[in-house]
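Asker:
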Amino acid sequence: MRAFASDLDRTLIYSNKLMKQFSEEDFQLIETLEGKEISYISNKTKGLLHTINKEMHFIPVTTRTIEQYRRISLFQDEIVPEYVVTSNGGHILRNGEILQDWSDHIKSCLEKCLPLDDFVNKLESLVKGNWIERIRDADHLFVYLIIKRDEVPSEELTRLFDWAREQGWQPSLQGRKLYFVPAPVNKWNAVDYLKKELSLTYIHTAGDSLLDYDLIQNGDDGYAPAHGEVLETYPDLRRTKQSGMKASEEIIESILGQLASHSTL
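Residue numbers for the sequence shown follow UniProt numbering, so the first one is 1 and each next one is one higher.
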């Protein structure tokens with residue numbers, strides 16, 4: 001049994017800032033928040049995902065919290081995966097319900113890490129300047145900062161990244177969001193758990209950020225979109241030829257092409 005375990009934002013779905021180069025007939029709105037348009041998917045990607053979801057397990061693997069994932073109407077109403085990994089691997093949903101065994105496992109692992117509140121307090125003491133707008137708790141598993149991207153000194157960012165890694169926390173800068181995630185809360189760990197539970201024999205994976213590195217690297221067939229942040233640190237990962245929405249189409253077409261070739265053998 002095969003699966004496609006994929007990151008969502010900037011891998012399969014995109015914000016309105018990245019849609020300006022495309023015609024409105026090429027994509028559709030799939031997420032709103034308080035009347036504001038948030039995310040879109042290309043019509044072609046949506047059609048290809050319908051096929052993927054019929055042919056294999058489609059497993060969204062997102063840094064979004066459960067609440068943020070549920071805002072995406074496409075995955076609640078049209079393409080409804082049986083399994084979803086949220087909170088960067090901190091939770092697994094089966095038919096919309098939390099797999100408590102996995103959540104309990106993560107909590108026990110986090111007992112060995114620097115506690116979240118202590119991490120945030122220390123982080124705040126290290127930050128100089130006023131480039132942080134807000135600090136948000138994600139399911140009390142990790143934190144992300146809403147920042148003024150243009151005002152962040154590159155030297156300070158490097159220093160914070162190095163410090164975070166010394167604490168066993170993975171940093172990732174994605175647009176105006178700066179994530180800090182403890183090592184046990186890892187997307188691949190959750191997917192690997194599902195691999196064993198579902199007896200999956202081959203997993204296609206995709207992601208764009210540093211938080212997706214293990215997912216891409218450990219998958220049997222891993223992809224990074226050409227615009228991906230992860231490629232700045234790991235340039236040897238398999239990358240798409242296309243960027244943006246075209247990258248998501250390229251990834252899924254490649255997977256379906258492999259599936260077709262395999263079925264004719």
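From the three backbone atoms N, C-alpha and C, an ideal C-beta is built for every residue, glycine too.
On a predicted model such as this, the values are computed, not experimentally measured, just so you know.
1. What's the gap between the Cα of residue 271 and the Cα of residue 67?
2. Taking a contact to mean a Cβ-Cβ separation below 7 Å, would you say residue 152 touches residue 170 in this structure?
3. From the DSSP output, which residues share a beta bridge with residue 36?
4. Our contact map puts residue 79 next to residue 49 with C-beta atoms below 8 Å; I'd like the distance itself, whole angstroms only.
5. Report, in whole angstroms, the separation of the C-beta atoms of residue 226 and residue 239, which I expect to be a contact under 8 Å.
6. State yes or no: is the C-beta of residue 168 within less than 7 Å of the C-beta of residue 109?
7. Roughly how far, in whole angstroms, is the beta-carbon of residue 185 from the beta-carbon of residue 89, given that I think they are within contact range, below 8 Å?
8. Drop a sphere of 10 angstroms on the beta-carbon of residue 208, count the other beta-carbons inside from all chains shown, and report buried for 16 or more, exposed for fewer.
9. Less than 7 Å between the beta carbons of residue 266 and residue 75, yes or no?
10. When DSSP builds the beta bridges, which residues end up paired with residue 80?
11. Residues in its own chain within less than 8 Å of residue 165 by CB, not counting five upstream and five downstream?
12. Looking at residue 183 and residue 92, is the spacing between their C-beta atoms short of 7 Å?
13. In chain order, what are the residue ranges of uninterrupted alpha helix (DSSP H) at least 4 long that sit wholly in the region 129 to 176?
14. So which of 70, 28 and 86 has the shortest CA-CA distance to residue 16?
15. With a 10 Å radius around its C-beta and 16 neighbouring C-beta atoms as the bar for buried, classify residue 235 as buried or exposed.
16. Do the CB positions of residue 143 and residue 135 come within less than 7 Å of each other?
17. Got a sec? Which residues, its chain only, sit under 7 Å from residue 32 by beta carbon, not counting five neighbours each side?
18. Can you have a look at residue 23 and say buried or exposed, based on whether 16 or more other CB atoms are within 10 angstroms of its CB?
19. Quick one: is residue 199 buried, meaning 16 or more other Cβ sit within 10 Å of its Cβ, or exposed?
Answerer: From the atom records:
1. This structure leaves residue 271 out entirely; the chain is present only between 1 and 265.
2. no
3. 33
4. 5 Å
5. 5 Å
6. no
7. 5 Å
8. buried
9. What the structure shows of the chain is the stretch from 1 to 265, and residue 266 is not part of that stretch, so it cannot be assessed.
10. Residue 80 is not bridged to any residue.
11. 171
12. no
13. 154 to 166
14. 28
15. exposed
16. yes
17. 38
18. exposed
19. exposed
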